[in-house]
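A.B. asks: Following this message is one structure expressed as structure tokens.
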Amino acid sequence: MLNFDEFILQSEDPRKKSFHFFYRSYVDYVNAQCRKLNQRHTRLSLKTQLGVYEQVLAELNKADERKEAQIAATESSTEAMKSSKEATNAAATMIRSSLKYTAASHLGMSHSLLGSHMISGKSNTFGTLEMLKRANESSDDDFERPPSISAAKKRKPEHQSTTDPWADLEKASTSLHNGERGVHLPKIPTNLPPNHLLLFKIAHGYLTEANGPFKKVTDAVNLKDALIRGLSWIRGLNMDRIQLKANPDPTHGLRIGSGSGRGVAMSCILNLRSPSAPANFPARFVAKATDDCYEDGYDSNVLVSKCFAGMTDVFNAEGVLGLRDAAEDMKAVYKKQRQACDSPVRSLEEKLMDVIEIACDLVSEKQFEEPRAEADTLHIWLKIFEKLLPARLRMKTGESVLTCSKPGMQQKDEDIMGRKVDLKFLFDGIEVAVIEFKSASQAKGAVAKQSRKSLRLGKNILQSLEALGVEDAYVVCGDVAGFMGSFTKVMCFEDIYVAGKITDTIVTLPTTKHTLLKFLEGKPVSVLLNFLNYLDDLGSRAIDAREAAAVLADEEEFEQQIEYRKPIVLKEKKSFQQSVVHSPTLKSGQPRRRKE
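According to this note's numbering, the stretch in the sequence shown is residues 528 to 1123, in order.
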């Protein structure tokens, strides 16, 4: 949080504002920061407000003293320049008369000839006066003048560069994605924090490899890995709106969310599931991050174990058809129990029996000689998700746009409407998760590229939830190829984002008797159920945070209307903490990437 001196530097000239306005503005600023830190009921005490009062008064007095001193210095400088000009003019007059006398006496000419020679001497005199004028103008610079803003800008040292190395790296990645080779890559900076420097080296290495001869799949996956870069968002305080001048370290004195991005390294994410990226980080760091991403018991659920108990024995004794009949019978029993309680909502036990019926139908069908298309497998996954979906959770398919990915992409091109996803989950309109689908017959590397995309989209969702004020949030992303799916957690870890597997269990939908036996163990269904339950809880927290923020905003606006004052809005400077780099989108008429 800015102290009063830093607040003065970020605000308008205090001499242009009244004392009451400036005092109230600072108090509002402190209260706003307290609310961002989720200290919603914290307000400045009377003692603290008196201290702020004294600070404002002292600062205004200092400002008046500085103004008076500047005016006095300007007046003395003006008088000195005026006396200097008078002395210079007197010297010019003496030189002019001396030139006339010297010309007349030296040439020894008569009075009639003297006039003609004085004509030529006149031009010399004028030339001398022009030199004196130029000298007089240059002598004015010897006097001290009060510095101006324009002069300060002109005196900016040439060695200070405002180039963002991450932005240069992003430009290079865009050129490589468009098929160019021999692209100039920026040098590796030395002034980045350790973890950020490691992520920069990862992205730089991937782009260097992709900058060589194009190898299709290999370079394409590396390019996606380079599109994931690094710094975290400090929890509870949007540092992009604050420029800390007195303290160059924006994390000083603040807690960075440890419990809680343009490829993966360039989008602020360390992909722990990539075979090469974690090798650039210390082993202890990688081990701790991997452990925080992993959740024990994510593939187990008490209710699933209870409902699936005995189903394996039924399948071994009676086969697929007998298992399906048993599931129907159990569903009828659960339905009677629900009706006895006058509950209009179907119980989870009934839904689990529906899942077993779908699994039996998959095994019974004889259409697996050829791999199914992506749309076919998506339809089957949707049937299972619909059976387990909580009441307030909704799904949207059909290459729908992820709304929270729009702001970052529209900064580059307003015509781009965000990234399209295969399946997204919404809780009362708030996006909470995405799943990307590929068919099992896709070429090698397609699933890897899809996974990198889902990680970046996951960070988009995580940042939108943090902007709402959701604490200790993480996002679970899904990647499906055919009938197999895996889930990855995206979360804040120290000063970067990390993405690692949340469970070792691969969710496999049964298509054979062997896979049906594994399915009846309950682990795949438990993973899906725990995934949906977390989305339901995450959505509820997001709704609560949004409503609380709306109430606070209304109260603050009401208070401003009563006191008839306007809040001070600091300039928003977007830093690379919030960056998520997506692959460039081709527009109509734009040539596709050439293949070599």
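Glycine included, every Cβ here is placed at the ideal spot set by N, Cα and C. Keep in mind the model is a prediction, meaning the values are calculated, not measured.
#1: What residue range is occupied by the uninterrupted alpha helix (DSSP H) comprising C834?
#2: Give me the Cα-Cα distance between T1042 and K833, rounded to the nearest whole angstrom.
#3: If I'm right that P917 touches L1059 with Cβ under 8 Å, what's the distance once you round it to whole angstroms?
#4: Please go through the same chain and pick out, in chain order, the residues whose beta-carbon is closer than 7 Å to the beta-carbon of A902, but skip the five residues on each side of it.
#5: Run through DSSP, which three-state label would C868 get?
#6: To the nearest angstrom, report how far apart A867 and V860 are at their CA atoms.
#7: Under a Cβ-count criterion, where at least 16 other Cβ atoms within 10 Å of its own Cβ denotes burial, should T1038 be classed as buried or exposed?
#8: Can you say whether E845 is buried or exposed, counting buried as having 16 or more other CB atoms within 10 angstroms of its CB?
#9: Name the two residues that bound the continuous beta strand (DSSP E) containing C1019.
#10: Taking the C-alpha atoms as reference points, what is the distance between T701 and E963?
#11: Please return the same chain residues whose Cβ sits closer than 7 Å to the Cβ of V1054, not counting the five positions on each side in sequence.
#12: Roughly how many angstroms lie between the CA atoms of N705 and E697, to the nearest whole one?
#13: Please classify S801 as buried or exposed, where buried requires at least 16 neighbouring CB atoms within 10 angstroms.
#14: Return the Cβ separation of A1069 and V997 in integer angstroms, given the expectation that the two are a contact with Cβ distance under 8 Å.
#15: Does DSSP classify I962 as helix, strand or coil?
#16: May I ask you to report which of helix, strand or coil DSSP gives F812?
#17: Can you name the start and end residues of the alpha helix (DSSP H) that Y1061 belongs to?
#18: Consult DSSP for R921 and reduce its assignment to one of helix, strand or coil.
#19: Between the alpha carbons of N798 and G1027, how many angstroms are there, rounded?
#20: So, at 6 Å on beta carbons, what are the nonlocal neighbours of L905 in its own chain, with the 5 sequence-adjacent residues on each side left out?
#21: So the alpha helix (DSSP H) A975 belongs to, where does it begin and stop?
#22: Express the C-alpha separation of Y821 and S891 in angstroms, rounding to a whole number.
#23: Among residues of its own chain, excluding the 5 on either side of F835, which ones have a beta-carbon nearer than 7 Å to its beta-carbon?
#24: Rounded to whole angstroms, how far is the Cβ of K986 from the Cβ of Y1024, which I believe are closer than 8 Å?
#25: Do you know offhand how far I907's Cα is from M922's?
#26: Can the beta-carbon of A1077 be found less than 8 Å from the beta-carbon of L995?
#27: Mark H731 as exposed unless 16 or more other C-beta atoms lie within 10 angstroms of its C-beta, in which case mark it buried.
#28: In whole angstroms, what separates the C-alpha of E1083 from that of F954?
#29: Would you tell me roughly how many angstroms separate the C-alpha atoms of I885 and G956, rounded to the nearest one?
#30: Is V890 helix, strand or coil by DSSP?
#31: On the DSSP letters alone, give me the boundaries of the alpha helix (DSSP H) that G732 sits inside.
#32: What span of residues does the beta strand (DSSP E) with D949 cover, start to end?
#33: Here's the rule: buried if 16 or more other CB atoms are within 10 angstroms of the residue's CB, otherwise exposed. What is Q597?
#34: So L920 and L1036 are in contact, right, with Cβ under 8 Å, and what is the actual spacing, rounded?
#35: Over the uninterrupted alpha helix (DSSP H) stretch that includes I796, give me the two end residues.
C.D. replies: To lay it out plainly:
#1: Walking along the sequence shown from the start, residue 834 turns up at place 307. Counting along the chain, the alpha helix (DSSP H) containing C834 begins and ends at V829 to F835.
#2: One-based indexing of the sequence shown puts residue 1042 at position 515. One-based indexing of the sequence shown puts residue 833 at position 306. Taking the straight line joining both Cα atoms gives about 20 Å.
#3: Position 390 of the sequence shown, counted from the first residue, corresponds to residue 917. Position 532 of the sequence shown, counted from the first residue, corresponds to residue 1059. So it is a contact: roughly 6 Å between Cβ atoms.
#4: If you number the sequence shown from 1, residue 902 lands on position 375. Nothing listed; no residue qualifies.
#5: Counting from 1 along the sequence shown, the entry for residue 868 is found at position 341. Three-state result, C868: coil.
#6: Taking the sequence shown and counting its residues from 1, one reaches residue 867 at position 340. Taking the sequence shown and counting its residues from 1, one reaches residue 860 at position 333. For A867 and V860, the distance between alpha carbons rounds to 11 Å.
#7: Taking the sequence shown and counting its residues from 1, the one referred to as residue 1038 is at position 511. Classification of T1038: buried, given that the 10 Å Cβ count is 16 or more.
#8: Here residue 845 corresponds to residue number 318 of the sequence shown, with the count starting at 1. Result: exposed.
#9: Your numbering for residue 1019 matches position 492 in the sequence shown. C1019 -> beta strand (DSSP E) spans M1011 to F1020.
#10: Translated into the one-based positions of the sequence shown, residue 701 becomes position 174. Translated into the one-based positions of the sequence shown, residue 963 becomes position 436. Each residue's alpha carbon lies about 23 Å from the other.
#11: Start at 1 with the first residue of the sequence shown, and residue 1054 comes out as number 527. Only Y825, D826, F1014, T1030, T1032 and V1034 meet the Cβ criterion.
#12: Position 178 of the sequence shown, counted from the start, is the residue given in the question as residue 705. Position 170 of the sequence shown, counted from the start, is the residue given in the question as residue 697. Distance between the alpha carbons of N705 and E697: 12 Å.
#13: The sequence position of residue 801 within the sequence shown is 274, counting from 1. With 16 or more other Cβ atoms within 10 Å, it is buried.
#14: Residue mapping note: residue 1069 aligns to position 542 of the sequence shown, counting from 1. Residue mapping note: residue 997 aligns to position 470 of the sequence shown, counting from 1. That belief holds up - the Cβ atoms of A1069 and V997 are roughly 5 Å apart, short of 8 Å.
#15: Locating residue 962 in the sequence shown gives position 435, where the first residue counts as 1. I962: strand per DSSP, three-state reduction.
#16: Stepping through the sequence shown from its first residue, residue 812 is reached at position 285. Three-state DSSP puts F812 in a helix.
#17: Residue numbering aside, residue 1061 sits at position 534 when the sequence shown is read from its first letter. From DSSP, the alpha helix (DSSP H) with Y1061 extends over K1050 to E1090.
#18: If you number the sequence shown from 1, residue 921 lands on position 394. In this structure, R921 counts as strand in the three-state DSSP scheme.
#19: Position 271 of the sequence shown, counting from 1, holds the residue named residue 798. Position 500 of the sequence shown, counting from 1, holds the residue named residue 1027. If I take the Cα positions, the gap works out to 7 Å.
#20: In the sequence shown, residue 905 corresponds to position 378, counting from 1. Answer for L905: F964, listed in chain order.
#21: For the purposes of this step, residue 975 is identified with residue 448 of the sequence shown, where counting begins at 1. Its alpha helix (DSSP H) spans residues A973 to L995.
#22: Taking the sequence shown and counting its residues from 1, the one referred to as residue 891 is at position 364. Taking the sequence shown and counting its residues from 1, the one referred to as residue 821 is at position 294. Looking at the two C-alpha atoms, the distance is approximately 35 Å.
#23: Residue mapping note: residue 835 aligns to position 308 of the sequence shown, counting from 1. L1047 and G1049, listed in sequence order.
#24: Here the question's residue 986 lines up with position 459 in the sequence shown. Here the question's residue 1024 lines up with position 497 in the sequence shown. About 6 Å; that satisfies the 8 Å criterion.
#25: Here residue 907 refers to the residue found at position 380 when the sequence shown is read from its first residue. Here residue 922 refers to the residue found at position 395 when the sequence shown is read from its first residue. Distance between the alpha carbons of I907 and M922: 14 Å.
#26: As a working note, residue 1077 is residue 550 in the sequence shown. As a working note, residue 995 is residue 468 in the sequence shown. No, the pair does not count as a contact, with Cβ atoms beyond the cut-off.
#27: If you number the sequence shown from 1, residue 731 lands on position 204. Classification of H731: buried, given that the 10 Å Cβ count is 16 or more.
#28: Position 556 of the sequence shown, counting from 1, holds the residue named residue 1083. Position 427 of the sequence shown, counting from 1, holds the residue named residue 954. Distance between the alpha carbons of E1083 and F954 is about 28 Å.
#29: Taking the sequence shown and counting its residues from 1, the one referred to as residue 885 is at position 358. Taking the sequence shown and counting its residues from 1, the one referred to as residue 956 is at position 429. Each residue's alpha carbon lies about 29 Å from the other.
#30: Locating residue 890 in the sequence shown gives position 363, counting from the first residue. Of the three classes helix, strand and coil, the one that applies to V890 here is helix, per DSSP.
#31: Stepping through the sequence shown from its first residue, residue 732 is reached at position 205. From DSSP, the alpha helix (DSSP H) with G732 extends over P721 to A737.
#32: Counting from one through the sequence shown, the residue named residue 949 turns up at place 422. From DSSP, the beta strand (DSSP E) with D949 extends over K947 to F954.
#33: Translated into the one-based positions of the sequence shown, residue 597 becomes position 70. With fewer than 16 Cβ atoms within 10 Å of its Cβ, Q597 is classed as exposed.
#34: Numbered from 1 along the sequence shown, position 393 holds the residue referred to as residue 920. Numbered from 1 along the sequence shown, position 509 holds the residue referred to as residue 1036. At roughly 20 Å, the Cβ-Cβ gap does not stay under 8 Å, so L920 and L1036 are not in contact.
#35: The count along the sequence shown starts at 1 and reaches residue 796 at position 269. Run containing I796: none in the alpha helix (DSSP H); it sits in the beta strand (DSSP E), I796 to N798.
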